[in-house]
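Enquirer:
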Amino acid sequence: MADTDTELKVVLQLKEGHAMVGVQEKDSDPVMERIQAADLPQALAALPAVLERAMARWDQARKNPTYQRPPEPAMPPPARTAVTAAGAGARRQEPREGQMQRLV
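Following our numbering, the numbering of the sequence shown begins with 26 at its first residue and continues without gaps.
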């Protein structure tokens, strides 16, 4: 169990037959567990076991690993536009009314 001079935070939420129990020591990441508990006395009775598991985890690592963002995916090269036989300087014809515009 934690030392008597250890700062410890406990959070408890009861809802629909279960409890979310969170414990945190100073300079460590919190540990959250969902347990079966019909009422507050059952949830409080489970607290020492939750704290023991949290302390075992903190003995391994006080903090969770830092998130490492994956590298950005390589961007495909831009599509090249084909030059028509008329050449790049060819005059573009606007579609007449009622005609659809042709995309090249």
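Glycine included, every Cβ here is placed at the ideal spot set by N, Cα and C.
Locate the beta strand (DSSP E) running through residue 82, then write down its first and last residues.
Expert: In the sequence shown, the residue the question calls residue 82 occupies position 57. It is not in any beta strand (DSSP E) - residue 82 instead sits in the alpha helix (DSSP H) that spans 65–85.
Enquirer: What number of angstroms, rounded off, separates the C-alpha of residue 51 from the C-alpha of residue 103?
Expert: Here residue 51 corresponds to residue number 26 of the sequence shown, with the count starting at 1. Here residue 103 corresponds to residue number 78 of the sequence shown, with the count starting at 1. Each residue's alpha carbon lies about 52 Å from the other.
Enquirer: In whole angstroms, what is the alpha-carbon distance linking residue 121 and residue 98?
Expert: Stepping through the sequence shown from its first residue, residue 121 is reached at position 96. Stepping through the sequence shown from its first residue, residue 98 is reached at position 73. Their backbone Cα atoms lie some 43 Å apart in a straight line.
Enquirer: I need the DSSP call for residue 58, collapsed to helix, strand or coil.
Expert: Taking the sequence shown and counting its residues from 1, the one referred to as residue 58 is at position 33. Three-state result, residue 58: strand.
Enquirer: Quick check: the Cα distance between residue 41 and residue 101, rounded to an integer number of angstroms?
Expert: On the sequence shown, residue 41 is found 16 positions in, with the first residue counted as 1. On the sequence shown, residue 101 is found 76 positions in, with the first residue counted as 1. Cα to Cα, residue 41 sits roughly 51 Å from residue 101.
Enquirer: Checking contacts by CB at 7 Å: is residue 81 closer than that to chain C?
Expert: Protein chains in the displayed structure number just one, and chain C is not present.
Enquirer: Determine the direct distance from the alpha carbon of residue 86 to that of residue 38, and round the result to whole angstroms.
Expert: Numbered from 1 along the sequence shown, position 13 holds the residue referred to as residue 38. Numbered from 1 along the sequence shown, position 61 holds the residue referred to as residue 86. Between residue 38 and residue 86, the C-alpha separation is close to 26 Å.
Enquirer: Taking all protein chains shown into account, do 16 or more other C-beta atoms lie within 10 angstroms of the C-beta of residue 36, making it buried, or fewer, making it exposed?
Expert: Looking up residue 36 in the sequence shown gives position 11. Label assigned to residue 36: exposed.
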